[in-house]
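Peer 1:
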Amino acid sequence: MKRIILFLATNLAILLVLSISWTILSQLFGFDQASAGIHLPTLLVFSLLFGFGGAFISLLMSKWVAKRSVGAEVIQQPSNPTEHWLLQTVQRHATAAGIGMPEVAIYPSPEINAFATGASRNHALVAVSTGLLQQMNADEAEAVLGHEIGHIANGDMVTLTLIQGVVNTFVLFFARIIGNLVDRVVFRNDEGSGPAYWITTIVAEMVLGLLASSIVLWFSRQREFRADAAGARFAGRNKMIAALERLRASHEESHLPKALTAFGILGHGSISRLFMSHPPLEERIAALRQQS
4 MKRIILFLAT NLAILLVLSI SWTILSQLFG FDQASAGIHL PTLLVFSLLF
54 GFGGAFISLL MSKWVAKRSV GAEVIQQPSN PTEHWLLQTV QRHATAAGIG
104 MPEVAIYPSP EINAFATGAS RNHALVAVST GLLQQMNADE AEAVLGHEIG
154 HIANGDMVTL TLIQGVVNTF VLFFARIIGN LVDRVVFRND EGSGPAYWIT
204 TIVAEMVLGL LASSIVLWFS RQREFRADAA GARFAGRNKM IAALERLRAS
254 HEESHLPKAL TAFGILGHGS ISRLFMSHPP LEERIAALRQ QS
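Numbered by our numbering, the letters in the sequence shown go through residues 4 to 295 in order.
1. Less than 8 Å between the CB atoms is what I'm expecting for E208 and V174, so what's the real figure, rounded?
2. What are the start and end residues of the alpha helix (DSSP H) that includes V210?
3. Report yes or no: do three or more beta-carbon pairs, one from the segment 174 to 189 and one from the segment 141 to 149, lie closer than 8 Å?
4. Out of Y110, P105 and L214, which one is the CA nearest neighbour of N279?
5. Quick one: using the 10 Å Cβ neighbour count with 16 as the cut-off for buried, is V129 buried or exposed?
6. I'd like the list of long-range same chain contacts for G267, defined as Cβ closer than 6 Å, with 5 residues on each side in sequence excluded.
7. Per DSSP, L128 forms a beta bridge with which residues?
8. Cα-Cα, which of T92, I152 and Q138 is closest to G101?
9. Using a threshold of 9 Å, state whether the C-beta atoms of I109 and A75 are closer than that.
10. Just the C-alpha distance for F177 and V219, rounded to the nearest angstrom, thanks.
11. Which residues in the same chain have their Cβ closer than 6 Å to the Cβ of L107, if we skip the five residues on either side of it in sequence?
12. Within the same chain, show all residues whose beta-carbon is closer than 8 Å to that of G158, passing over the 5 residues directly before and after it, in chain order.
13. Can you tell me whether N116 is buried or exposed, with buried defined as 16 or more other CB within 10 angstroms of its CB?
14. Let me know if L250 comes out buried or exposed under the rule of 16 or more other beta-carbons within 10 Å of its beta-carbon.
15. Would the beta-carbon of S65 fall within 9 Å of that of M160?
16. I need the straight-line Cα distance from A252 to T133, nearest angstrom please.
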């Protein structure tokens, strides 16, 4: 969950900064609009450049943002048996997956959680919460680490970036189409781009960006099944199922605000499901049990 939310939030912030930069450049060089309206080929080119640029900047910043946003401390030299075990387990899974050894970090949080991020398979980060280390046994934690290594080995962050780049392109493109229509049809401005164009464009980008995130989150839900399969392959299916069962029990006992369930792994409503980063735990457990 943290991996996806951090990526989407970073991408949205970068997209907003790039959009403001685009606005300034368009005023200086006039490449955003032609005299008779928006010049579609030019707009599409710049939408591609800024859309994919924002996504790849988010990817390159993912490890840095993740470490600082959750207060993760990378294990440089293990200082206790738990840290030794963490490094050895991640190394074993990484070797089995054929990827480089990721950085391993621990961050303070009472919730059972872990995430993996990074710009490439061989330069990644695996972070686990103190809550996970305290509430899960070694077999369950081993399966979780295998799940996160699966995300890295499957190239989920890079694929997520490519999808986000396509989404960003359409958001930037159609936001400016909407801004132009409002400026010219509603406010009847036929001379350049008025304030209504820029205000509407920024608002449209935020709204379309939020709606488009459902596409990225759909992809995230599909990749969770593959990562679960990887965790089962590296640590054992029974251990992966036990880890998900422990996670389900911890969430049933907790009292998270309803506003957070859309980004969590609980909740089954048709609308809330669109904005879930993970499939319901029952579906993930059932998928593992059906595997031969």
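Beta carbons: idealized from backbone N, C-alpha and C, even for Gly.
Peer 2: Straight from the coordinates:
1. Within the sequence shown, numbered from 1, the residue matching residue 208 stands at position 205. Within the sequence shown, numbered from 1, the residue matching residue 174 stands at position 171. Taking the Cβ atoms as the reference, E208 lies roughly 6 Å from V174, within the contact range of under 8 Å.
2. Here the question's residue 210 lines up with position 207 in the sequence shown. Residue range P198 to A238 is occupied by the alpha helix (DSSP H) that includes V210.
3. No, they do not touch.
4. In the sequence shown, residue 279 corresponds to position 276, counting from 1. Per the sequence shown, residue 279 should be read as Met rather than Asn. M279 has its Cα closest to that of L214, out of Y110, P105 and L214.
5. As a first step, residue 129 is located in the sequence shown; it is residue number 126 there, counting from the start. The residue is buried, with at least 16 neighbouring Cβ atoms inside 10 Å.
6. For the purposes of this step, residue 267 is identified with residue 264 of the sequence shown, where counting begins at 1. In this predicted model, G267 has a pLDDT of only 37, less than 50, meaning its place in the structure is not dependable enough to derive any value.
7. Here residue 128 is taken as the residue at index 125 of the sequence shown, counted from 1. BP columns for L128 point to E106 and T120.
8. Numbered from 1 along the sequence shown, position 98 holds the residue referred to as residue 101. With respect to the C-alpha of G101, the residue from T92, I152 and Q138 having the closest C-alpha is I152.
9. As a working mapping, residue 109 is identified with position 106 in the sequence shown. As a working mapping, residue 75 is identified with position 72 in the sequence shown. Yes, the Cβ-Cβ distance between I109 and A75 is below 9 Å.
10. On the sequence shown, position 174 is the one that residue 177 refers to. On the sequence shown, position 216 is the one that residue 219 refers to. Straight-line measurement puts the Cα of V219 at about 18 Å from the Cα of F177.
11. In the sequence shown, counting from the first residue as 1, residue 107 sits at position 104. According to the sequence shown, residue 107 is Val rather than Leu. Shown here for V107: same chain residues with a beta carbon closer than 6 Å to its own, the five before and five after excluded, namely I78, L89, L90, V93 and V129 in chain order.
12. Working through the sequence shown from its first residue, we reach residue 158 at position 155. Close CB contacts of G158 within its chain, under the 8 Å cut and outside five residues either way in sequence, are with R124 (chain order).
13. As a working note, residue 116 is residue 113 in the sequence shown. Buried, by the Cβ-count rule.
14. For the purposes of this step, residue 250 is taken as the residue at position 247 of the sequence shown. L250 should be labelled buried.
15. For the purposes of this step, residue 65 is taken as residue 62 along the sequence shown, with counting starting at 1. For the purposes of this step, residue 160 is taken as residue 157 along the sequence shown, with counting starting at 1. A distance below 9 Å separates the beta carbons of S65 and M160.
16. Sequence index remark: in the sequence shown, residue 252 carries index 249 (1-based). Sequence index remark: in the sequence shown, residue 133 carries index 130 (1-based). When rounded, the distance between both Cα atoms is 17 Å.
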